[in-house]
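Colleague: From first to last, the protein sequence lines are chains A and B.
Each residue of the first sequence is one higher than the one before, counting from 62 in my numbering.
Each residue of the second sequence is one higher than the one before, counting from 62 in my numbering.
Using N, Cα and C, we set each Cβ at its ideal position, and we do this for glycine too.
Here the structure is a predicted model, which means the values were calculated and not measured.
Okay, here's the structure, questions in a sec.
2 protein chains.
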Amino acid sequence: MNMRQQTGPVYLEIYRNLKQELRTGEKKPGDELPSENTLASQYSTTRTTVRKSLQLLEKEGLIHSWAGKGYFVSEPAHNRFSLDFPEDENQRPDTYKRIRVIKADGELQRIFNILPGSRVIEICRNIEDNGQCTAYDVKYLPYTRGKPMIEQEINYFVPFPDIVSLLVPTFLFYTRLELSAQFPPADAASVLGCSVDEPVLVLCRYFMDQNDRCIGYGRRYQSQHGGKGKLLAFSGYPERRP
Amino acid sequence: MNMRQQTGPVYLEIYRNLKQELRTGEKKPGDELPSENTLASQYSTTRTTVRKSLQLLEKEGLIHSWAGKGYFVSEPAHNRFSLDFPEDENQRPDTYKRIRVIKADGELQRIFNILPGSRVIEICRNIEDNGQCTAYDVKYLPYTRGKPMIEQEINYFVPFPDIVSLLVPTFLFYTRLELSAQFPPADAASVLGCSVDEPVLVLCRYFMDQNDRCIGYGRRYQSQHGGKGKLLAFSGYPERRP
DNA sequence: AAGTGGTCTAGACCACTGA
DNA sequence: CAGTGGTCTAGACCACTTG
Numbered sequence: 062m063n064m065r066q067q068t069g070p071v072y073l074e075i076y077r078n079l080k081q082e083l084r085t086g087e088k089k090p091g092d093e094l095p096s097e098n099t100l101a102s103q104y105s106t107t108r109t110t111v112r113k114s115l116q117l118l119e120k121e122g123l124i125h126s127w128a129g130k131g132y133f134v135s136e137p138a139h140n141r142f143s144l145d146f147p148e149d150e151n152q153r154p155d156t157y158k159r160i161r162v163i164k165a166d167g168e169l170q171r172i173f174n175i176l177p178g179s180r181v182i183e184i185c186r187n188i189e190d191n192g193q194c195t196a197y198d199v200k201y202l203p204y205t206r207g208k209p210m211i212e213q214e215i216n217y218f219v220p221f222p223d224i225v226s227l228l229v230p231t232f233l234f235y236t237r238l239e240l241s242a243q244f245p246p247a248d249a250a251s252v253l254g255c256s257v258d259e260p261v262l263v264l265c266r267y268f269m270d271q272n273d274r275c276i277g278y279g280r281r282y283q284s285q286h287g288g289k290g291k292l293l294a295f296s297g298y299p300e301r302r303p
Numbered sequence: 062m063n064m065r066q067q068t069g070p071v072y073l074e075i076y077r078n079l080k081q082e083l084r085t086g087e088k089k090p091g092d093e094l095p096s097e098n099t100l101a102s103q104y105s106t107t108r109t110t111v112r113k114s115l116q117l118l119e120k121e122g123l124i125h126s127w128a129g130k131g132y133f134v135s136e137p138a139h140n141r142f143s144l145d146f147p148e149d150e151n152q153r154p155d156t157y158k159r160i161r162v163i164k165a166d167g168e169l170q171r172i173f174n175i176l177p178g179s180r181v182i183e184i185c186r187n188i189e190d191n192g193q194c195t196a197y198d199v200k201y202l203p204y205t206r207g208k209p210m211i212e213q214e215i216n217y218f219v220p221f222p223d224i225v226s227l228l229v230p231t232f233l234f235y236t237r238l239e240l241s242a243q244f245p246p247a248d249a250a251s252v253l254g255c256s257v258d259e260p261v262l263v264l265c266r267y268f269m270d271q272n273d274r275c276i277g278y279g280r281r282y283q284s285q286h287g288g289k290g291k292l293l294a295f296s297g298y299p300e301r302r303p
């Protein structure tokens with residue numbers, strides 16, 4: 062019996078109305094929603110349109126459907142967080158960068174599964190914030206002569222994922238991030254202007270191809286000076302993420 | 062001209078075939094996909110079915126559409142990570158828990174925006190892994206007499222988000238997570254069996270209601286003993302996340 | 001048996017982009 | 001202008017759940 066008032070697509074109106082019922086707590090986790098047919102006649106529309114609204118809510122994790130039974134309000138997933146790796150500074154000019162080719166040490170040999178004596182490209186970066194160095198960043202790529210353009214590309218402010226994608230024929234690789242607290246090595250401490258006795262946040266990033274081989278590795282030391290350098294992550298509904 | 066071979070819904074077959082073209086690098090970021098009409102006639106089906114396939118790929122962030130132009134392969138978002146807060150141990154019996162009501166110190170007064178002298182509920186937990194304590198967890202809730210069931214509920218192994226949802230009439234709140242590296246306070250160090258001079262990973266979690274008021278606060282000290290206690294996050298396509 | 005969601009058809013009209 | 005994606009209709013058949 063609902064009369065349309067708002068503007069825009071019908072499916073968005075249904076979506077907003079249903080969402081409002083969840084927001085206010087009128088519908089609680091576990092509760093059942095009206096059936097597709099009920100909603101379709103309420104809004105004088107078809108199942109197809111109603112389904113579009115419901116699938117929007119489903120995509121957001123607010124509801125789930127059960128074939129033969131109906132739609133139900135979900136429990137919110139408050140333990141799944143979304144975290145943005147702060148790499149936008151790649152575009153900024155206030156980062157100091159150094160590139161060289163070095164012999165892989167034991168750790169790098171293990172990570173890339175390469176032989177002793179193999180060489181890797183090392184890219185070091187100082188991340189600055191208001192003239193203060195807040196993070197020290199080292200990235201490694203296995204070195205292979207003849208790979209196209211790597212040496213040249215690397216001299217520009219190319220984001221690391223893009224550099225990695227020069228090495229693999231497809232853009233389909235994934236990334237693992239390991240977060241830990243450690244003392245910084247001497248070089249990181251000197252860049253960050255802190256002591257080797259102060260804890261820093263360490264972010265190790267592994268770029269893995271589809272065969273789970275490591276094709277890129279990065280390590281970042283994030284200064285914890287004065288409460289700076291914290292990493293932020295969010296859970297909950299998208300519109301609530303500042 | 063495609064002849065159907067596989068089983069299952071048509072839209073999944075189209076989805077799989079298109080995805081394969083992305084996986085192999087046959088279609089690269091920026092490339093245009095066949096139009097909905099083209100695909101519909103290729104698979105002898107309708108636009109509706111084809112759209113379902115394409116919207117699946119769009120939801121995964123693999124492609125995007127541009128009204129009036131077509132569908133295009135997206136750049137993968139390698140700087141957006143998904144992180145699972147390790148709270149499943151709430152269900153496990155090998156965690157030691159202590160609950161008490163304390164006077165809020167300055168920090169808690171600030172976080173909850175409450176007056177000096179106000180009281181908060183404190184829930185301490187030792188997270189163990191194979192008999193070894195790997196994390197020390199403290200959670201706080203503002204204390205208000207008369208709130209239903211809190212004291213009783215709290216004695217069971219109720220996940221913290223569920224406890225918080227007893228305080229707010231709706232299940233719609235969000236969570237902010239702050240990650241940093243610090244020295245542990247004395248009580249945390251003694252529980253973790255480490256020195257106060259060893260860095261630990263600190264996870265501060267704020268439960269915020271829709272008015273951005275803090276309705277729950279948790280702090281976890283994660284031991285870094287022997288490389289243990291690292292946090293893992295992933296980016297890339299869902300099926301690649303182990 | 002009646003109701004539910006899952007899949008699918010064969011159309012339609014619209015606003016938009018590009019030649 | 002023809003082609004694209006965005007929205008929508010009015011049906012259909014299926015497998016499943018529930019009484």
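#1: Does the Cβ-Cβ distance between S135 of chain B and L123 of chain B come in under 7 Å?
#2: Specify, as a first and last residue, the run of the beta strand (DSSP E) that D190 of chain B falls within.
#3: According to DSSP, simplified to helix, strand and coil, what is R237 of chain A?
#4: Along chain A, which residues have their Cβ under 9 Å away from the Cβ of N78 of chain B?
#5: Taking C-beta to C-beta, are E47 of chain B and N187 of chain A nearer than 7 Å?
#6: Beta carbon of Q283 of chain B, beta carbon of V261 of chain B: below 7 Å?
#7: Which bits of chain A does R280 of chain B rub up against, with CB to CB less than 8 Å?
#8: Just checking: is the beta-carbon of V261 of chain B within a distance shorter than 7 Å of some beta-carbon in chain A?
#9: Hey, does Q81 of chain B have any beta-carbon neighbour from chain A nearer than 7 Å?
#10: Which residues does DSSP pair with Y201 of chain A in a beta bridge?
#11: Return the Cβ separation of V181 of chain B and A165 of chain B in integer angstroms, given the expectation that the two are a contact with Cβ distance under 8 Å.
#12: Just the C-alpha distance for T107 of chain B and S114 of chain B, rounded to the nearest angstrom, thanks.
#13: Is the Cβ-Cβ distance between V199 of chain A and C185 of chain A less than 7 Å?
#14: Going by CA-CA distance only, name the one from A:K120, A:V219, A:T99, A:Y204 that's closest to K80 of chain A.
#15: Does chain A have any CB closer than 7 Å to the CB of K291 of chain B?
#16: For E329 of chain B, count neighbouring C-beta atoms within 10 Å of its own C-beta (all shown protein chains included) and say buried if the count is 16 or more, exposed if not.
#17: Could you pull out every residue in the same chain whose Cβ sits closer than 6 Å to the Cβ of S241 of chain A, ignoring the five residues on either side in sequence?
#18: Between D248 of chain A and chain B, is there a C-beta pair that is closer than 7 Å?
#19: Could you pull the start and end residues of the beta strand (DSSP E) that R141 of chain A belongs to?
#20: Excluding the 5 residues flanking P303 of chain B on each side, which residues of the same chain have their C-beta closer than 6 Å to its C-beta?
#21: Grab the span of the beta strand (DSSP E) containing A165 of chain B for me, first residue to last.
#22: For the beta strand (DSSP E) containing F268 of chain A, name the first residue and the last one.
#23: Please state whether the Cβ-Cβ distance between G277 of chain B and L202 of chain B is less than 7 Å.
#24: Give a yes or no on whether the minimum CB-CB distance between F146 of chain B and chain A is below 7 Å.
#25: By the three-class DSSP mapping on this structure, what secondary structure does E16 of chain A have?
#26: Along the region 119-147 of chain A, what residues have a CB closer than 7 Å to any CB found in chain B?
#27: Where does K113 of chain B sit, in a helix, a strand or coil, going by DSSP?
#28: Which whole-angstrom value is the C-beta distance of P245 of chain A and L253 of chain A, which I expect to be below 8 Å?
#29: Within 6 Å: the Cβ of A250 of chain A and any heavy atom of the ligand ADP?
#30: Mind listing the chain B neighbours of T236 of chain A? Cutoff is C-beta to C-beta under 8 Å, in chain order.
#31: I want to verify the contact list: residues of chain B whose CB lies under 8 Å from the CB of Q243 of chain A, in sequence order.
#32: Alpha carbon to alpha carbon, what distance is there between Y235 of chain B and S296 of chain A?
#33: Got a sec: is the Cβ-Cβ distance from R84 of chain A to anything in chain B below 7 Å?
#34: Let me see if you follow: with CB-CB separation under 7 Å, is L233 of chain B close to chain A or not?
#35: Measuring CA to CA, which of A:S105, A:L83, A:S226 is closest to Y72 of chain A?
#36: Exposed or buried, which one is A128 of chain B when buried takes at least 16 other CB atoms within 10 Å?
Modeller: In brief:
#1: Mapped onto the second sequence, residue 135 of chain B falls at position 74. Mapped onto the second sequence, residue 123 of chain B falls at position 62. Cβ distance < 7 Å, so S135 of chain B and L123 of chain B count as in contact.
#2: On the second sequence, position 129 is the one that residue 190 of chain B refers to. Residues 180-190.
#3: Taking the first residue of the first sequence as 1, we reach residue 237 of chain A at position 176. DSSP places R237 of chain A in strand when its eight states are reduced to three.
#4: In the second sequence, the residue the question calls residue 78 of chain B occupies position 17. The contacting residues do not exist; N78 of chain B stays about 15 Å from chain A at best.
#5: No answer is possible for residue 47 of chain B: the residues shown for chain B start at 62 and end at 303.
#6: Along the second sequence, one-based indexing puts residue 283 of chain B at 222. Along the second sequence, one-based indexing puts residue 261 of chain B at 200. Yes, these two residues count as a Cβ contact at 7 Å.
#7: Against the second sequence, residue 280 of chain B aligns to sequence position 219. The premise fails here: R280 of chain B is roughly 13 Å from chain A at the closest Cβ pair, so nothing lies under 8 Å.
#8: Counting from one through the second sequence, the residue named residue 261 of chain B turns up at place 200. Closer than 7 Å to some Cβ of chain A, the Cβ of V261 of chain B qualifies, so yes.
#9: Position 20 of the second sequence holds residue 81 of chain B. Cβ-Cβ to chain A under 7 Å: no for Q81 of chain B.
#10: As a first step, residue 201 of chain A is located in the first sequence; it is residue number 140 there, counting from the start. Its beta-bridge partners are A:E183, A:Y278.
#11: Reading the second sequence from its first residue, position 120 is the one you call residue 181 of chain B. Reading the second sequence from its first residue, position 104 is the one you call residue 165 of chain B. Contact flag correct, Cβ pair sits at about 5 Å.
#12: Sequence index remark: in the second sequence, residue 107 of chain B carries index 46 (1-based). Sequence index remark: in the second sequence, residue 114 of chain B carries index 53 (1-based). Approximately 11 Å, taken between the alpha carbons.
#13: One-based indexing of the first sequence puts residue 199 of chain A at position 138. One-based indexing of the first sequence puts residue 185 of chain A at position 124. Contact: yes.
#14: Here the question's residue 80 of chain A lines up with position 19 in the first sequence. Taking only the C-alpha atoms, the option nearest K80 of chain A is A:K120.
#15: Indexing the second sequence from 1 puts residue 291 of chain B at position 230. True, the Cβ-Cβ gap to chain A drops below 7 Å.
#16: Within the shown structure, residues of chain B are numbered from 62 to 303, placing residue 329 of chain B beyond reach of any answer.
#17: By one-based count along the first sequence, residue 241 of chain A stands at place 180. Around S241 of chain A: V263.
#18: To locate residue 248 of chain A, count along the first sequence from 1; it is residue 187. Taking Cβ atoms only, chain B never reaches closer than 7 Å to D248 of chain A, which makes this a no.
#19: Residue numbering aside, residue 141 of chain A sits at position 80 when the first sequence is read from its first letter. 141-145 is the extent of the beta strand (DSSP E) around R141 of chain A.
#20: As a working mapping, residue 303 of chain B is identified with position 242 in the second sequence. Per-residue confidence for P303 of chain B stands at a pLDDT of 47, beneath the threshold of 50, marking its modelled position as unreliable; no derived number is given.
#21: The residue labelled residue 165 of chain B in the question sits at position 104 within the second sequence. Note, A165 of chain B: premise wrong, no beta strand (DSSP E); not H, not E.
#22: The residue you call residue 268 of chain A lines up with position 207 of the first sequence. Where F268 of chain A is concerned, the enclosing beta strand (DSSP E) stretches over 261-269.
#23: Sequence index remark: in the second sequence, residue 277 of chain B carries index 216 (1-based). Sequence index remark: in the second sequence, residue 202 of chain B carries index 141 (1-based). Yes; because the gap between Cβ atoms is below 7 Å, this pair is in contact.
#24: Against the second sequence, residue 146 of chain B aligns to sequence position 85. A Cβ of chain A is located within less than 7 Å of the beta carbon of F146 of chain B.
#25: Absent from the structure is residue 16 of chain A, since the part of chain A shown begins at 62 and ends at 303.
#26: From the region 119-147 of chain A, only K120, P137, H139, N140, R141, F142, S143, L144, D145, F146 have a Cβ closer than 7 Å to chain B.
#27: Within the second sequence, numbered from 1, the residue matching residue 113 of chain B stands at position 52. Helix.
#28: Here residue 245 of chain A is taken as the residue at index 184 of the first sequence, counted from 1. Here residue 253 of chain A is taken as the residue at index 192 of the first sequence, counted from 1. Contact between P245 of chain A and L253 of chain A holds, with the beta-carbon distance rounding to 6 Å and staying under 8 Å.
#29: In terms of ligand content, the structure shown is empty, and the ligand ADP therefore cannot be addressed.
#30: What you label residue 236 of chain A is simply residue 175 of the first sequence in a count that begins at 1. By Cβ distance, chain B contributes H139, F142, F295, S296, G297.
#31: Here residue 243 of chain A refers to the residue found at position 182 of the first sequence. Residues of chain B passing the Cβ test: A242, P260, Q285.
#32: Position 235 of the first sequence, counted from the first residue, corresponds to residue 296 of chain A. Position 174 of the second sequence, counted from the first residue, corresponds to residue 235 of chain B. Using only the alpha carbons, I get a separation of about 6 Å.
#33: The residue given as residue 84 of chain A occupies position 23 in the first sequence. Yes, contact with chain B.
#34: By 1-based counting over the second sequence, the position of residue 233 of chain B is 172. With 7 Å as the cut-off, L233 of chain B counts as an interface residue toward chain A.
#35: Residue mapping note: residue 72 of chain A aligns to position 11 of the first sequence, counting from 1. Measuring from the Cα of Y72 of chain A, the nearest candidate turns out to be A:S105.
#36: The residue given as residue 128 of chain B occupies position 67 in the second sequence. It counts as exposed.
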